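Chemist: Structure provided below as structure tokens; questions to follow.
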Amino acid sequence: VQLQAYGGGLVQAGGSLRLSCAASGITVSINTGGWYRQAPGKQREMVATISSSRNTNYADSVKGRFTISRDNAENTVYLQMNSLKPEDTAVYYCSIRSIGLSVYWGQGTLVTVSS
Numbered sequence: 008v009q010l011q012a013y014g015g016g017l018v019q020a021g022g023s024l025r026l027s028c029a030a031s032g033i034t035v036s037i038n039t040g041g042w043y044r045q046a047p048g049k050q051r052e053m054v055a056t057i058s059s060s061r062n063t064n065y066a067d068s069v070k071g072r073f074t075i076s077r078d079n080a081e082n083t084v085y086l087q088m089n090s091l092k093p094e095d096t097a098v099y100y101c102s103i104r105s106i107g108l109s110v111y112w113g114q115g116t117l118v119t120v121s122s
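Each residue of the sequence shown is one higher than the one before, starting from 8 at the first, in the numbering used here.
Pasting the structure below:
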């Protein structure tokens with residue numbers, strides 16, 4: 008299983024970015040996809056998840072600003088991030104939790120939001 012995360016970068020506050028997580032060796036449509044982030048000196052935290060039935064869950068801090076989605080044909084999970092804030096600065100990791108509860112992680116992509 009390989010998860011390739013990309014799309015991070017430097018953006019000004021109020022801007023937008025879209026993160027992508029391309030999966031191989033696992034089918035995202037039948038598993039739970041998620042995005043997590045880790046800021047310097049902080050623990051990794053859940054940002055958003057999407058289940059096989061497309062039920063979504065968001066951290067309170069990103070509700071209304073971030074949207075997680077999935078393209079089954081591309082076997083890719085996305086995170087659209089709008090109205091970015093400096094406190095969103097972190098390394099973002101994608102993950103897939105399989106039906107058997109194994110968890111796979113991507114390599115992380117850095118998002119930096121300047122004020």
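Beta carbons: idealized from backbone N, C-alpha and C, even for Gly.
Note that the coordinates shown come from a computational prediction; the quantities given were computed from them, not determined experimentally.
Compare the Cα-Cα distances from Arg-25 to each of Asp-67, Thr-34 and Arg-77 and report the closest residue.
Modeler: Among Asp-67, Thr-34 and Arg-77, the Cα nearest to that of Arg-25 belongs to Arg-77.
Chemist: Assign Gly-71 to buried or exposed, taking buried as 16 or more other Cβ atoms, counted over all protein chains shown, within 10 Å of its Cβ.
Modeler: Counting Cβ neighbours within 10 Å, Gly-71 comes out exposed, since fewer than 16 surround it.
Chemist: Our contact map puts Thr-56 next to Gly-40 with C-beta atoms below 8 Å; I'd like the distance itself, whole angstroms only.
Modeler: Right, their Cβ atoms sit about 7 Å apart.
Chemist: Ends of the beta strand (DSSP E) at Ala-12?
Modeler: From DSSP, the beta strand (DSSP E) with Ala-12 extends over 9-13.
Chemist: Buried or exposed for Val-69, going by 16 or more other Cβ atoms inside 10 Å?
Modeler: It counts as buried.
Chemist: Could you spell out where the beta strand (DSSP E) holding Val-54 opens and where it closes?
Modeler: 52-57 is the span of the beta strand (DSSP E), which, as asked, contains Val-54.
Chemist: For Ser-36, name the three-state secondary structure that DSSP assigns.
Modeler: Looking at Ser-36 - three-state DSSP - the assignment turns out to be helix.
Chemist: Could you please give me the residues that DSSP links to Asp-78 through a beta bridge?
Modeler: Answer by DSSP bridge pairing, in chain order: Thr-83.
Chemist: Can you give me the C-alpha to C-alpha distance between Trp-112 and Tyr-43, rounded to a whole angstrom?
Modeler: Going from the Cα of Trp-112 to the Cα of Tyr-43 covers about 10 Å.
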